[in-house]
Structures are given as structure tokens and as C-alpha cells.
Amino acid sequence: MPPARPGCQSDPVNDALPDAESARTLVLMRHGRASQEGSDFDRHLEPEGRDAAVEAGRWLAGRGIGADAAIVSAARRAFGTWAALRDGAGWQVEPDVDRALYHADPESALDLVRLVGDDVTSLVVVGHNPTVASLAQLLDDGEGDLEAGIAMAGGFPPGSLAVFSYDGSWADLGWADAELLAFRSGS
892 MPPARPGCQS DPVNDALPDA ESARTLVLMR HGRASQEGSD FDRHLEPEGR DAAVEAGRWL
952 AGRGIGADAA IVSAARRAFG TWAALRDGAG WQVEPDVDRA LYHADPESAL DLVRLVGDDV
1012 TSLVVVGHNP TVASLAQLLD DGEGDLEAGI AMAGGFPPGS LAVFSYDGSW ADLGWADAEL
1072 LAFRSGS
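Dropping the structure here:
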């Protein structure tokens, strides 16, 4: 069994009870614009990428979207994006930095989300393409904001994010289970 994530403690008795507050928010974000120098894993966030992530954080905070937990790729540019996003939003959350997210395919990334405890109602994931864009498309139930869906289908450039609503346990999240609320292009 994989180790528990922060906010992932399980209570076998209470986990079986219905949760009246089961609505959850999932933010999927692609890292911001990064330098092309150095190894892929160690590429740093460009100043424009940092500024865009700060603005994205302000955008989320302005819409009342918080973060109870975050899963962030261990790649330098992804962590830099998270730090700037958190600064812009004014969040105090320390992320779960996960090296597996760097190489994850959409199913593996979804498995990381499924490990999150149901005490977390708002989760942010900062990763890489093509995984983030594919995961967002696969989670979308097609019932959400039409303009956001069209924008998301047009591409997921660096610094882009998608905001979803999901009603259920993180452990049960599957394809076409989440409603797209908003999309913000990073370009």
C-alpha cells in the first residue's frame, strides 16, 4: 500500500458514512514558461512564467478558489510555478512534492489524486504536458462551462489551468466524472 499523503488519513468506520459536504474542487495546472537551458528536470521557471503563475493565483483567489492540499511535480519549474501560484493566491499550503508526477501518464496522475483524503475539499495539481492537458480532457464530463471547454480544447499552453467540480470521494474519481467550471490559458 502506498504511503498516505497529507490529508489522506483514513478512518474505516467514518469513511463508509455518506458525506453531505462531498463537493470538491480540483485545479489542474501546467507549469509556467521555463528556461530551455539545462536538463529537463532542472529547468527553472522564467520570470514571465513566475509572473503569470502569480496572476493565476490571484485569479483563483478572486473566484474564491482555495487549496487544502497540493500535489506538485518535483521538477524545478513545476515547484517554482506552485510557489508563485501560492504567493498570488495567498495560500499557506505546503505541497506534496511527488517525483512520480514528472513522468506520470494521465492514469498514473489520476491515481495520485485518488490517494488524497476526503478531508481535502480543494486540491491543486501542478504538472506537465501532455499529462495535464490529457487528464483535464479525460476528467471533463462535458456538462460544464461551454466557453471553458472550447478554450481548453484549443490547447493547454504553459501556465494554463482548469478548474473542476467533483461530487464524491477522491478515491472514486474517474473519467468524465468532473464538471469543468473554468479554464485560464497561460498564454
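Mapping of the sequence shown onto this note's numbering: position 124 corresponds to residue 1015, and the numbering continues sequentially without gaps.
We put the beta carbon where it would ideally sit given N, CA and C, even for glycine.
Please name the residue, chosen from Gly1033, Ala1062, Pro1049, Val963, that lies closest to Phe1055 on a Cα-to-Cα basis. With distances taken between Cα atoms, Phe1055 lies closest to Gly1033.
In whole angstroms, what is the alpha-carbon distance linking Gly923 and Ser913? As the crow flies, the alpha-carbon of Gly923 is around 31 Å from that of Ser913.
Looking only at its own chain, which residues have a Cβ that is under 6 Å from the Cβ of Pro986, when we skip the five neighbours before and after it? Close CB contacts of Pro986 within its chain, under the 6 Å cut and outside five residues either way in sequence, are with Ala961, Val963, Trp973 (chain order).
Status (buried if at least 16 other CB within 10 Å, exposed otherwise) for Leu1037: With a threshold of 16 other beta carbon atoms within 10 Å, Leu1037 falls short and is exposed.
Could you have a look at Ala1070 and say whether DSSP puts it in helix, strand or coil? Per the sequence shown, the amino acid found at residue 1070 is Glu instead of Ala. In this structure, DSSP gives Glu1070 an extended state, which the three-state scheme calls strand.
Starting from Phe1055, follow its DSSP beta bridges and name the residues at the other end. Beta-bridge pairing by DSSP links Phe1055 to Leu917, Leu1071.
When the Cα of His1019 is compared with those of Asp931, Ala980, Tyr1057, which residue comes out closest? With respect to the C-alpha of His1019, the residue from Asp931, Ala980, Tyr1057 having the closest C-alpha is Asp931.
Could you give the residue range of the beta strand (DSSP E) that holds Val945? Note, Val945: premise wrong, no beta strand (DSSP E); alpha helix (DSSP H) at 938-953.
Endpoints, the beta strand (DSSP E) within which Asp989 is located: Its beta strand (DSSP E) spans residues 987-989.
So if DSSP puts Ala960 in a beta bridge, which residue, or which two residues, is it bridged to? BP columns for Ala960 point to Leu1014.
Cβ-based neighbour list, Trp1061, same chain, cut-off 8 Å, excluding 5 preceding and 5 following: When the five nearest sequence neighbours on each side are left out, the beta carbons in the same chain lying within less than 8 Å of the beta carbon of Trp1061 are those of Arg915, Val1004, Arg1005, Leu1006, Val1007, Gly1008, Asp1009, Val1011, Leu1014, in order along the chain.
Can you check DSSP and say which residues form a bridge with Ala966? Answer by DSSP bridge pairing: none, since Ala966 is not bridged.
Hey, quick one: how far does the alpha helix (DSSP H) through Ser999 stretch, first residue to last? Here the alpha helix (DSSP H) through Ser999 covers 997-1005.
Note down the Cα distance separating Leu992 from Leu919, rounded to an integer number of angstroms. Taking the straight line joining both Cα atoms gives about 12 Å.
Per DSSP, which one or two residues make a beta bridge with Ala1096? No statement about residue 1096 is possible, as the shown extent of the chain runs from 892 to 1078 and does not include it.
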